[in-house]
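Below is one structure, written out as structure tokens; the observations come after it.
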């Protein structure tokens, strides 16, 4: 599949199967700072993050997967929620580590192989979730206990600011969040997101399931830093978000 840069300037087409495709896409998507937090997602034209099979898989294509691979390779860790892991069967990234955020600890149904080398997967949640994680998730992992926000009840939600701080304390500076909607919305509301990488699949799904759920999001000015289009009409945008808003 071919993608062509059209913003900020029109560029030569990139055949995603060519030997130099990864290097050319990496140059387009390179983060400008050592501390960088991205949200990477795909939606249909009408804003659904789930395709006809109920997952994002039927929205994706070879160009989207090539860009996904580049973004993962430029990240220290991929952050997903428990529901996304269960629904999508998220594969372990080739180089980046995987962090799974869970409040209750139920990871049953997650399709992650059991022979993962130790240290590749972090499961993050409050202390109350650890027993359920041990019971429902067999892949080798490290459980990272997260404190609840100051003044919050012990059974309250995990503060995403605590999550990001815990990752960066471990030297995991470049983070990409791949869902689900609750995590994405919380990261945006907390002013933690530097960039939104948005793929738009040329499909009308006609259903619910937006990428940010029903959350009321803050108003954030955004700057389009790059845009690619593939030969099927799919769009791949990088939006730089202003935290100061």
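In this note's numbering, the protein residues as written are 3 to 247.
Every residue gets a Cβ at the ideal spot worked out from N, C-alpha and C, and that includes glycine.
Computed from a predicted structure; not experimentally measured.
Within 10 Å of its beta-carbon, does residue 199 have 16 or more other beta-carbons around it, so buried, or fewer, so exposed? So residue 199 ends up on the buried side.
Please confirm whether residue 82 and residue 126 have their CB atoms less than 8 Å apart. No, these two residues do not count as a Cβ contact at 8 Å.
Short check: CB of residue 148 to CB of residue 112, under 8 Å? No, they are not a contact pair.
So who's on the other strand from residue 7, going by DSSP bridges? According to DSSP, which records beta bridges pairwise, residue 7 is partnered with 230.
Pull the bridge partners of residue 94 from the DSSP assignment, please. Residue 94 is not bridged to any residue.
What do you get for residue 184, buried or exposed, if any count of 16 or more other CB atoms within 10 angstroms of its CB means buried? Taking all protein chains shown into account, residue 184 has 16 or more neighbouring C-beta atoms within 10 Å of its C-beta and is therefore buried.
Just curious, the beta strand (DSSP E) that residue 71 is in, first and last residue? Counting along the chain, residue 71 falls outside any beta strand (DSSP E), though it belongs to the alpha helix (DSSP H) covering 64-75.
CA-CA distance, residue 232 and residue 7? Between the C-alpha atoms of residue 232 and residue 7 there is a straight-line separation of about 9 Å.
Residue 24 - containing alpha helix (DSSP H), residue span: First-last of the alpha helix (DSSP H) with residue 24: 23-31.
With a cut-off of 8 Å, do at least 3 Cβ pairs link the region 91-107 to the region 22-34? Put simply, the region 91-107 does not touch the region 22-34. Fewer than three CB pairs are less than 8 Å apart.
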